[in-house]
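Note sheet for the following structure.
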Amino acid sequence: MQPPLLLVLTSPEPIGPNRRLRPVVLCSLLALFSAAAIACSGPAVQAIETIDVPPIAASDDLIVVSWTGTWRTNWGVLDMVQDGPKILGSFTYLWENEERVGILIGVPKGNYLDFKWSEQKGNDKGQGRFVISANHAKFSGSFGYDASVDDGGMWSGLRNDDTILGY
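Going by our numbering, the first residue of the sequence shown is number 68, and it counts up by one from there.
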């Protein structure tokens with residue numbers, strides 16, 4: 068009688084605490100392991116076979132991200148809060164010795180946030196995209212004026228320690 072074969076599933080993208088497997092994938096893995104347990108019996112493991120599992124595409128139901136909190140950014144302070152499916156934010160920064168205040172509104176998708184922004188003074192407005200780090204402690208991205216998402220430059224930030232929310 069041959070010892071059982073140990074099956075190791077790997078993925079090029081790790082499934083960490085901020086990612087969940089879909090129920091279909093979980094049921095498929097359970098069925099696979101059950102069939103392997105029934106088919107194999109024996110006291111020891113004979114070999115290890117590695118099978119590459121393709122990464123699961125990021126979607127709203129796979130990645131859970133909290134953007135809520137106060138962020139120290141290269142432009143100043145940014146406060147964001149989740150309001151249903153939207154993120155609402157307000158930012159303050161200095162430009163030519165004048166304090167500027169603005170708002171942003173966006174919809175998170177996976178680990179990124181597409182947003183529109185505008186300032187209270189003047190007609191400056193535009194859009195941008197932030198991408199959050201795996202531990203949700205920092206983001207990087209860009210913003211643009213009007214239809215551009217990047218002609219304004221880079222916009223990155225670190226979450227304030229008191230708003231890390233356990234990450």
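No residue lacks a Cβ here, since even glycine has one placed at the ideal position from N, Cα and C.
Quiz item: Quick one: is Q194 buried, meaning 16 or more other Cβ sit within 10 Å of its Cβ, or exposed?
Solution: In the assembly as shown, Q194 is a buried residue. Its beta-carbon has 16 or more other beta-carbons within 10 Å.
Quiz prompt | In DSSP terms, what W162 is bridged to | solution = BP columns for W162 point to E165.
Quiz prompt | Residues of its chain near S223, where Cβ-Cβ distance is below 6 Å and the 5 sequence neighbours each way are ignored | solution = Counting only Cβ-Cβ distances below 6 Å, and skipping sequence neighbours, we find N141 and S207.
Quiz prompt | For D218, three-class secondary structure by DSSP | solution = The answer is coil: DSSP assigns D218 none of H, G, I, E or B.
Exercise. Ignore the nearest five residues each way along the sequence and tell me which others in L171's own chain have a CB closer than 6 Å to its CB.
Key: Excluding sequence neighbours, L171 sits near G156, F182 and W184.
Quiz prompt | Option in G189, I199 and D217 with minimal Cα separation from G136 | solution = Closest by alpha carbon: I199.
Practice problem: May I have the straight-line CA-CA distance separating T159 from R167, to the nearest angstrom? | Solution: Annotation: T159 to R167 spans about 6 Å, alpha carbon to alpha carbon.
Exercise. Assuming G173 contacts L180 (C-beta within less than 8 Å), just tell me the rounded distance between them.
Key: Confirmed, Cβ separation roughly 5 Å.
Quiz item: Name the DSSP bridge partner or partners of W184?
Solution: Its beta-bridge partners are L171 and G193.
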